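*Asks:* Take any residue in the sequence shown, count from 1 to its spot, add 1: that is its number in our numbering.
Yeah, the Cβ is synthetic: ideal placement off N, Cα and C, and Gly gets one too.
Remember, predicted model here, so these are calculated numbers, not experimental data.
Sharing a structure with you now.
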Amino acid sequence: MTSTTSFPERLREFRATCLQALKGNAGVAALYALLQILLLPVIVLINLQNAVSNYNAGLPAAAAGTAKQAESLASTLARSYNSLLQVLLPGAAVPMALLLAVVLCVRLFGYMQNRRSVDLYHALPVGRVPMLLGRWCAGLAVLFVPQAIGFGALALVARAFGIPGTGSGAFSAGFGLLWLFLGTAAAFTFAVFMAVCSGNTMDAVLSILGVNAGYPALLFCAQYLTMLTLPGYAISDGPSSATVYTLFAPFAAAFLPFLPGGLAGAGFVAWWLCFTAALLAASCLLYLRRKSEAAEDHFAFPIPKGVIRFLVTAAGGLGFGLILNQQGWGSFLFGAVAGSLIAHVVVEAIYSRGFRRMKRSLPWYGAFLVAFVVFYGILATGCFGYDTRIPNAADVEAVALEKTLSSYGGDKSIYDGKTHRTAIASLKPQLTEPENIARITKIHREIVDLYRPDGRFYTPLRQYSGPRIVFDYKLKNGKHLKRTYQYSWTAGGPESEKYERYTGAARQISEIPEFIESSDVVFFAEPENLKNIEFLSNNGQSKVVVPEDDARAELFAALRQDLLDRKANYSAAGDKESVLNLRLSFQASVTPKNAALKKKLGSYSGPVYLPDGFYTFFDENSATYRLVKQMNWDE
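And the structure:
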């Protein structure tokens, strides 16, 4: 049968539905706008005014009214403004928007879960799609307009206090509003989709919570189990970013741009625009197929219930199993089965309002057990050779390592010489010599052999500790292969001998000269770049020395030799207290002249800022210690 309804008629139906929904929720919009104004511009205004008063109260009279005072005050206000937004946006604006999204979804689409209401609405001379889209647009308007009012007032407050740019990134008024728009739209559309799929309001709300909590929890538990079971795998090597953890959880993703370290680039925006559009399209299609009799039933469509039940069951099983894993592999399996069964029973009892349908849900629990056996079986057998895959030395262009496996401290970075904020290069150990690459692949093979069980499956480690060894191979074909190890053991157990071999491998790597030369700042700086030396005593006292040019060259030569001879930043067994501690500070802006530094910087040719170098000595026979005593620098 061909529909005779024209597009203009559907458009009129959409407009009428939207206006009627807006009129019915005008009070909610007004309340939300008031809360936005109170939570954003008013609080910011009060705090900025207090900052001005406190600044003026502590200012000397002679400095009042000067240009320096104005510049300092503007800087103080800008810092205060940004600090406030970093708290208010994720702590108040986003939670309030998400709460209103759920409330509006219930108000606008709650008729689907009431038999009398759904019969009334479906009897109206309005198509289902125009009805859904009209009420969806009305909901977004009720959410967006108060948000725009609040952020507009916030921008005016910032401008009134002379704050330049009104923040930065996600914490500026403009970008913050756009991020909030996107997160709110995605969360509201997701809630509408669940309302269409659910037969009653309680199930819709529980489904929203189930997906937004179950998906990130399951992904984290699966990755953590993989890290404990599969040698060479680390969470940082997999899809561990917050973007991936919130890929199908819009309520969690709404916080992402406003959290410290949260990344929300073009890919994040594109994904949520497309996913929101897909949710809206799916809602329209499912609403066309939804039967009116589904109101006050458990679910209009069974698929969401099955997905949510699986997410919660799997997350509960893996989570409880990992909690009991400290007691051994058997406890892990018991926890996985018991936790998943409990989670399954709880979810089914909530959705079914009792246990009468529990027997029919057991096959779905069996599906989880099968999935768990397959997943763990893949990990326990090495994930199709993942555990033993080592590239041929001839195919490797370079190997990047980490300094955390040795006593040399963590990795440092070289920054631009103007702002000292943009990292240009990392002082991460990197091996490029063919003989060193061959040596690394041999050591890597020895570590792999330590992990290989004798005719048994891999089992989850009870702990994750010990020296961390990372191999990041850059292959000649442009690909990368990365493996991360952190061998764990129990004192006095049969693995003690293997642990000694593991730490021995770590020492072998840290003793390679190229490893040392590629990771310490003293090999990239010239003596003329040195600003001063600070000597730090074991009792907390310090002394700063600015050496002569000739002495600087001698110091650099001594330090480089001691590092290669393992007499600097190295403590042998039996060493109790250091005999010398010093820190090298370099000029604020260094023009690259060192050949190794130029190679490290690549195409960058501007001035750089070198990080400080920290050195500890336990050996009085070291060249640096003898030079310091000869020059009387530490007296």
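Compute the beta-carbon to beta-carbon distance between V591 and Y616, rounded to the nearest angstrom, for a pair I have assumed lies under 8 Å.
*Replies:* V591 to Y616, Cβ: 19 Å. No contact.
*Asks:* Please tell me whether, using a cut-off of 7 Å, the distance from the CB of D412 to the nearest non-hydrogen atom of the ligand SAM is below it.
*Replies:* Because no ligand of any kind appears in the structure shown, any question about the ligand SAM cannot be addressed here.
*Asks:* Which residue wins for smallest C-alpha separation from F145, given the options L125, V95, E512 and V347?
*Replies:* For the residues L125, V95, E512 and V347, the minimum Cα distance to F145 belongs to V95.
*Asks:* Can you tell me whether I642 is buried or exposed? The criterion is at least 16 other CB atoms within 10 Å of its CB, across all chains shown.
*Replies:* Any property of residue 642 remains undetermined from this structure, which presents the chain solely from 2 to 636.
*Asks:* Going by the CB atoms, is the gap between Y486 and I441 shorter than 8 Å?
*Replies:* For I441 and Y486, no; Cβs fall outside 8 Å.
*Asks:* Measuring straight from C-alpha to C-alpha, what distance separates F176 and L183?
*Replies:* Approximately 11 Å, taken between the alpha carbons.
*Asks:* Does the count of Cβ pairs from the segment 423 to 439 and the segment 395 to 402 closer than 8 Å reach three?
*Replies:* Yes, they touch.
*Asks:* Using a 10 Å radius around the Cβ and a threshold of 16 neighbouring Cβ atoms, would you call K24 buried or exposed?
*Replies:* Answer is exposed; the Cβ neighbour count stays below 16.
*Asks:* Bridge partners for V400 per DSSP, in chain order?
*Replies:* Its beta-bridge partners are L432 and Y474.
*Asks:* Among V103, R310, P232 and N595, which has the Cα closest to the Cα of I391?
*Replies:* When each option's Cα is compared against that of I391, the closest is P232.
*Asks:* For V127, I'd like the list of residues in its chain whose CB is within less than 7 Å of its CB, leaving aside the five on either flank, ordered along the chain.
*Replies:* E14 and T18.
*Asks:* Closest to I236 by CA distance: which of C222, L248 and N622 is it?
*Replies:* For the residues C222, L248 and N622, the minimum Cα distance to I236 belongs to C222.
*Asks:* Looking at the secondary structure, which residues open and close the alpha helix (DSSP H) in which L598 lies?
*Replies:* Where L598 is concerned, the enclosing alpha helix (DSSP H) stretches over A596 to L602.
*Asks:* Between which two residues does the beta strand (DSSP E) harbouring K544 extend?
*Replies:* Its beta strand (DSSP E) spans residues S543 to V546.
*Asks:* Note down, in chain order, each residue of its chain lying with its Cβ closer than 8 Å to the Cβ of V580, except the 5 sequence neighbours on either side.
*Replies:* Excluding residues within five positions, the ones whose Cβ falls inside 8 Å are F618, F619, D620, E621 and Y626.
*Asks:* Where does E621 sit, in a helix, a strand or coil, going by DSSP?
*Replies:* The answer is coil: DSSP assigns E621 none of H, G, I, E or B.
*Asks:* Inspect the beta-carbon positions of A569 and F525 and report whether they are closer than 8 Å.
*Replies:* For A569 and F525, no; Cβs fall outside 8 Å.
*Asks:* Would you check if there are 3 or more beta carbon pairs closer than 8 Å linking the segment 330 to 340 to the segment 267 to 284?
*Replies:* The answer is no - the segment 267 to 284 does not touch the segment 330 to 340, with fewer than three Cβ pairs under 8 Å.
*Asks:* Out of curiosity, what's the CA-to-CA distance linking S1 and E549?
*Replies:* Look at the range of the chain in this structure, 2 to 636, and you will see that residue 1 is not part of it.
*Asks:* In angstroms, rounded to a whole number, what distance separates the CA positions of L363 and W273?
*Replies:* C-alpha separation (whole angstroms): 35 Å.
*Asks:* Could you check which residue in Y122, R117, N55 and P42 has the C-alpha nearest to that of N83?
*Replies:* Of Y122, R117, N55 and P42, the residue nearest in Cα terms is P42.
*Asks:* Would you check if the distance between the CB atom of K499 and the CB atom of L451 is smaller than 8 Å?
*Replies:* Yes, these two residues count as a Cβ contact at 8 Å.
*Asks:* If you scan the segment 6 to 40 from start to end, which runs of the alpha helix (DSSP H) of 4 or more residues do you find wholly inside it?
*Replies:* DSSP runs (the alpha helix (DSSP H)) wholly in the segment 6 to 40: 8 to 25 and 27 to 38.
*Asks:* What first and last residue would you give for the beta strand (DSSP E) that runs through A637?
*Replies:* Limits of the chain in this structure are 2 at one end and 636 at the other, which puts residue 637 out of reach.
*Asks:* In three-state DSSP terms, what is H421?
*Replies:* H421 falls in the coil class under three-state DSSP.
*Asks:* Under a three-way DSSP split, which group does A64 fall into?
*Replies:* Unreliable positioning characterises A64 in this predicted model, as indicated by a pLDDT of 46, which lies under 50. The coordinate reading is nonetheless provided below. Here A64 sits in helix by DSSP.
*Asks:* Could you check where the alpha helix (DSSP H) with L312 kicks off and where it finishes?
*Replies:* Note, L312: alpha helix (DSSP H), P303 to L325.
*Asks:* Return yes when the Cβ of P91 is within less than 8 Å of the Cβ of K413, no when it is not.
*Replies:* Cβ atoms of K413 and P91: not closer than 8 Å.
*Asks:* Would you list the one or two residues that DSSP bridges to G153?
*Replies:* DSSP, once it has assigned bridges, lists no residue as partnering G153.
*Asks:* Would DSSP call R484 helix, strand or coil?
*Replies:* R484 falls in the strand class under three-state DSSP.
*Asks:* Is E636 helix, strand or coil when you go by DSSP?
*Replies:* Of the three classes helix, strand and coil, the one that applies to E636 here is coil, per DSSP.
*Asks:* Which of the three DSSP states, helix, strand or coil, is assigned to R116?
*Replies:* R116 falls in the helix class under three-state DSSP.
*Asks:* Quick check: the Cα distance between Y571 and D417, rounded to an integer number of angstroms?
*Replies:* Taking the straight line joining both Cα atoms gives about 30 Å.
*Asks:* Rounded to whole angstroms, what's the CA-CA distance from A62 to T77? Just pull it up for me.
*Replies:* With a pLDDT of 44 at A62, under the threshold of 50, the predicted position of this residue should be treated as unreliable, though the coordinate-derived value follows. Rounded to the nearest angstrom, the two C-alpha atoms are 18 Å apart.
*Asks:* Quick check for students: name the residue ranges of the beta strand (DSSP E) that lie wholly in the segment 494 to 569, counting only runs of 3 or more.
*Replies:* Fully enclosed beta strand (DSSP E) runs of 3 or longer: 531 to 537 and 543 to 546.
*Asks:* Which runs of the alpha helix (DSSP H) at least 4 residues long sit entirely within the segment 247 to 271? Give them in chain order.
*Replies:* Here the runs fully enclosed are 251 to 254.
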